[in-house]
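Protein chains in written order, with numbering that gives the first Met the number 0: chain A, 0 to 916; chain B, 0 to 373. Note that beta-carbon positions come from the ideal geometry of N, C-alpha and C, so glycine has one too.
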Amino acid sequence: MIRRAGVAARVGDGGPAARLRNVGLRYGKVVALDAVTLDLPAGCMVGLIGPDGVGKSSVLSLVAGSRRIQSGTVQVLGGDMADAGYRADACPRIAYMPQGLGKNLYPDLSVTENIAFFSRLFGQSASERAWRTAELLKATGLTPFADRPANKLSGGMRQKLGLCCSLIHDPDLLILDEPTTGVDPLSRRQFWELIDVMRSRRPGMSLVVATAYMEEAERFDWLVAMNDGRVLAAGSPSDLKASTGGATVEDAFIALLPAAERAGHKAIQIPPWRDTGGQPVIVANDITCRFGDFTAVDKVSFTIGRGEIFGFLGSNGCGKTTTMKMLTGLLRATEGTALLFGKPLDSTDMAVRSRVGYMSQSFSLYTELTVKQNLTLHAHLYHLPPDKAHARIAYLVSRFGLADYLSKRALDLPLGIRQRLSLAVAIVHEPELLILDEPTSGVDPLARDRFWELLIELSRDQDVTIFVSTHFMNEAERCDRISLMDSGHVLATDTPASLIRARDAACLEDAFISFLEEASGPRAAPAAAALAHADQPQRQGRSWFSPRRLFAYTIRETLELLRDPIRMSFGLFGTAMLMLVFGFGISTDVENLSFAVLDRDQTPESRAYLEELRGSTYFTEESPLIDYGDLEKRLTNGDITAAIEIPPGFGRDIARGRPVSVSATVDGAMPFRAQTIRGYLQGIHLLYLTDPAVRTTVPAPPPPADIAVRFKYNQDFESIYAMVPTTIPLMLALFPAILTALAVVREKELGSITNLYVTPVTRMEFLLGKQLPYIGVAMINFAVMCLMAVFVFGVPLKGSFPVLLLGALIYVTTTTAYGMLISAFTTTQIAALFGTAILTVLPAVQFSGMMTPVASLAGAARLMGRAFPMSYFVPISIGTFTKGLGFADLAPDLGALALFVPVLLLLNRLLLRKQAR
Amino acid sequence: MRKLANIFWLGIKELRSFSHDFVLLGLVIYAFSFAVTMQARSSAQELHNASIAIVDEDNSELSRRIAHAFLPPYFKPPRMIAEADIVPLMNAGVFTFVVDIPPHFQRDILGGRQPGLQIDVDATAMVQAGLGSGYAQQIITAEIAKFLSQAEGTKPLPVNLVVHIAFNPNVMTAWFTGVMGIINSVTMLAIILSGAAIVREREHGTMDHLLVMPLTPFEIAMSKVWANGLVITVAAGLSLYVVVKAILGIPIAGSIPLFMAGVVIYLFFATAIGIFIGTVARSMPQLGLLYMLIYMPMNMLSGSNTPLESMPHWLRIAVQVSPSTHFVSFAQAILYRGAGLGVVWPQFLATAVIGGLIFWLALRRFRSVAAQVT
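Below, the structure is given as structure tokens:
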């Protein structure tokens, strides 16, 4: 297809929004997609359904152009997504919201700042940005929260913000990956209403949505059911239900699964709970938890009876986890009281802890250990007697179906098995109370049912009290009683049936929504009428370079840096602190050396010799040595660094003109110090020989030549004048490189790198945009260090400051680019940090003229030094500070340094990928 | 007894986890092999390959002899330059030393007129300038004396000075830098391994898990101290025997078991520091940044790089607070000077006391860890 024609093609002219043919995808050995062939119709709402890990996200990322196509063809909006040129043309027409709430958003940025970032990426002018932002905020009801940072938003609001950022450029194709997972039902409902409004506003827009909630799928126009990297079926919801005979989409989906996976699946039966009376297991009375001025849990009260399954239902961040942590003693309640087994909660009571089992979010297991090792570790830690532990583990392994996995590492287990293992580990010690924090998130419906069968057995047959939290309605319905939670409050507590009855609702979800609406007051319906501007997508043609896109990254990075106190203070004060350490600590001026004498002569002549030594400022004398044994002992102890021994008959032999020898023993533990001491002693000895004041010695003949050593640039030969100017290049090599490397890898690790993949920003804009703030930080560091050099260390700047400034600017540009280069090879922040530190410190300290001048290096060391920018900036820094040089002297170094800039930039551009692999 | 069993089993778990973390394993191997040999073979603290130029305005027998007396490995072969080039070449840092032999130098020497000879030294190259200027003076003096002794006899000096260097007669810097490389690696890894062990538990949510089990923070922290300490002790011991003694051929004067006992005491402190910053940092990158701010000064000022004697007085007092200073001090005493327990016990004691204090602080922070994980 001709590229330009592809761009011109509008949706609704017949073709599908996306066409996949034989698409395969592997992550290492794992097959994510297996020859998927699929047409996604345009102009309607397409849903991808199926549990986690079946390939939904892979399909969406390929369609969005964020992931590289490995095999098969993907055509989107009529063009081939394998063609980088077409992708660049098409991406302004596509919007992609990846999985994970706000994964492509920046948590430290406010709502408007996030939207502005995306607006700039699409090259919108300030005026366009202003009206679009205002309009979207109004439509989503986020206007009152415009200045709130994204990480302080509730799940529902974050999701709306994600939608705003996706819609800022009026896409023709909107791709949403699990946009509603973990959000409360009211926000979910509002979200879909909002989507309807947006669709009515832009009727031609195509939507592709992945979801794990089968209920939601009922409302879609067209469904694709996926399992295990394949498409099970595709069609409208009614078609799917008709062809499988299922009453709901969930039934239809289970019916579509291969027979082997369905085996043993039956509807869950829960025998009713009989309250045996007696003491309640948990009594919570108005417990409250505050973090600073944020109230996470506000006056929550409930009672849980013995053997009861008690549920907490609520969205992510509503306070479920915090409440559970207070009851396990992990957090202290700010106010209120809680009774556990009838006694006040005491986190130091080990006996109580042995009666409680806990399973935290994300199945906290030691993933490096095998199944068996995990089980035995916990048996040991709960001190089960060996024979009992053996029997218990054998029972758990057989009951939980873990026998096939015993020697596998937990990391390699499928999610459902890992979840079962996690439960088995939590009940190794047969606890009376089990606290489970969202134990089923991310697990497919069948595995969830199996998990619940185990819970029901524990509760009904073994009388274990279970306190469980969830955001799934159908799980909540299985509990004996539930508390509905929202933003730190319990809205209501009762049996699910009573709650539905109390609200006259059709189902638990409606009842929950009704409670939520009551709590939050009447809400404004998303107002389509409020949209004043007619939609006129103003897309310019593709441009190779746009300062606006570049500054989008610069502004974002700067804001984020300003709001991260640890990185910021590290960036600003780390150098200053280390400069102090290096400046004061690293010195080659060896002084305050302790020595002691063993004077076996005790004559005026020997005293005259020692007088010369005592007059030296380098040495301080310790008490005299008694004998040779004392000399050895004190050298060994490190009391003295040098011992001077004057032989008997010293004075007599001098008087007779017989040559005599003074013997000095120097502690050689530190060779550099020993050599320096030897040099000092020889110097003092020469002074003694030629000292006209020493009358006791037969005067030596005058030396044949007058050898004068002239210390250039640093007449007093104080190392601070060399050390401080070399510390500045070292710090400017290390810190900017680390910060820049972290900045890039952070985006990779957190997932916001997707924005580079799916928006029109070019690689060069991304690189330069991210680099600029760190060049700024480095220049601030440079200024601070220069001031410290002059005012703290008293090292004057003798040469040209403009040359130093210019050199520093070019230099930090190269060191930040060097950090970027390292980030291209690392995927985790910790690897970036240590990788950069090792790869910077080594050439910086060894090969860049810090301790050894580059002129003394040879072979590989010289090459390494020459290939590292610092070896050109050290001469500039020393040259301007201590040697008093100017532009003419330093031009070759400046020129060499400047050559690094284009080379490194080009290298970075080549190594950065515009798509995920 | 229960406590000991808990500490033991948790430590075993720690070792199993560590053996699967290939990044940290790689770091341990690198730090105790390559990093040590590299530091031993670097010649940053000695006169090596110094660049020298000679301005020969005399062009005599003597001046040529002087030029030929500057030999490797201390000096590179001297280059002959013109007097006018001295300033630009030294400004550019091409030569660290320039010997300027004036016209009629040989004639004036023979005539006993005590001619002047100037050595220009680039005093911004501190180590080479400091050691090299003395060498250069001695070399020239010796050449002149040799030249004169051929021309006429010379009288011996009335008093001679004989300098012995104890413990390291040939002043081999590798003896020092190699062992100091191990010491630096011990500090680095103890902090990183134990800090990473804490942060890893927090990132995976297993820390919560431990804290609701019948385990005390003391047991959890102790298990990390012994497990990570064991890894480093074994690695450091191997490095001392295999890398330092066998590969680098550095003789060890003192008792290695005594040194290893000191390492164990020191590791108690260093792992406690790691645990402490592990409870402060919320993520691996923060741990890394904190690590650098703590490790760099502790290492640079410990005396393992430059002598303590060269620090300002107040700083010498201040660094006594850091056990790494005591560690370096007893390591030098034991390994080079062959000192025994009678000599080094004050350093052992100081290390243990400060280590205990840090460990107590780390324990106090431990409970607050749970509150920060969200």
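Contact between alanine 30 of chain B and leucine 289 of chain B fails: their C-beta atoms lie close to 19 Å from each other, not under 8 Å. Rounded to whole angstroms, the separation of the alpha carbons of isoleucine 219 of chain B and isoleucine 6 of chain B is 7 Å. Arginine 336 of chain B has a beta carbon lying within less than 8 Å of a beta carbon in chain A. Taking a Cβ-Cβ cut-off of 7 Å, the neighbours of asparagine 48 of chain B in chain A comprise Ser855 and Ala857, given in sequence order. In the three-state reduction of the DSSP assignment, glutamate 217 of chain A falls in the coil class, being assigned neither a helical nor a strand state. For aspartate 666 of chain A, the closest Cβ of chain B is nearer than 8 Å. Residues of chain B with a Cβ closer than 8 Å to the Cβ of threonine 464 of chain A do not exist, since the nearest Cβ in that chain sits about 15 Å away. Restricting attention to A/Gly570, A/Thr587 and A/Arg599, the CA atom closest to the CA of alanine 673 of chain A is found in A/Thr587.
Residue contact with chain A for alanine 220 of chain B: absent (no Cβ-Cβ distance below 8 Å to any residue of chain A). The three-state secondary structure of lysine 797 of chain A, taken from DSSP, is coil. Non-local beta-carbon contacts of glutamine 461 of chain A in its own chain, meaning distances under 6 Å to residues more than five positions away in sequence, are absent. If you keep only unbroken beta strand (DSSP E) runs of at least 3 residues inside the stretch 176-213 of chain B, you get nothing at all. Collapsing the DSSP output to three states places cysteine 288 of chain A in a strand. By DSSP's assignment, leucine 19 of chain A forms a beta bridge with A/Leu37 and A/Val73. The beta-bridge partner set that DSSP reports for methionine 323 of chain A is empty. Annotated three-state conformation of glutamate 437 of chain A is coil, per DSSP.
Judged by their CB atoms, proline 735 of chain A and valine 783 of chain A are not nearer to each other than the 8 Å cut-off. DSSP lists no beta-bridge partner residue for tyrosine 105 of chain A. The C-beta distance from isoleucine 293 of chain B to isoleucine 276 of chain B rounds to 7 Å, short enough to fall under 8 Å. If you ignore the 5 residues before and after isoleucine 253 of chain A, its C-beta comes within less than 8 Å of the C-beta of Gly245, Arg261, His264, Pro444 and Leu445, all in its own chain and listed in chain order. Within the same chain, Thr95, Val120, Asp121 and Ala122 come within 7 Å of alanine 128 of chain B by CB-CB distance, once the 5 residues on both sides are set aside. Contact of arginine 289 of chain A with chain B by beta-carbon distance below 7 Å is absent, the smallest such distance being about 11 Å. Within chain B, Ser309 have C-beta atoms less than 8 Å from the C-beta of aspartate 588 of chain A, given in sequence order. Around glutamine 117 of chain B, the beta-carbon contacts reaching into chain A at under 7 Å are Ala707 and Arg709.
In the structure shown, threonine 366 of chain A adopts coil according to DSSP, grouped into three states. Under the three-state reduction of DSSP, alanine 91 of chain B is assigned to coil, being neither helix nor strand.
Looking from the CA of leucine 733 of chain A, the closest CA among A/Ile174, A/Ala125 and A/Gly573 belongs to A/Gly573.
When DSSP states are grouped into helix, strand and coil, serine 300 of chain A belongs to the strand group. Per the coordinates, the alpha-carbon of phenylalanine 594 of chain A lies some 11 Å from the alpha-carbon of glutamate 644 of chain A. In this chain, the alpha helix (DSSP H) harbouring isoleucine 333 of chain B covers 322-334. Membership of asparagine 159 of chain B in the beta strand (DSSP E) is indicated by the continuous run 158-165. For the stretch 613-627 of chain A, the set of residues with a beta-carbon nearer than 7 Å to any beta-carbon of chain B is empty. With the rule of 3 Cβ pairs closer than 8 Å, the stretch 654-670 of chain A does not count as touching the stretch 106-121 of chain B.
From the beta-carbon of phenylalanine 94 of chain B, the residues of chain A found nearer than 8 Å are Ala854. A Cβ-Cβ contact shorter than 8 Å links leucine 32 of chain A with glycine 54 of chain A. Within the DSSP secondary-structure output, histidine 488 of chain A pairs in a beta bridge with A/Asp485.
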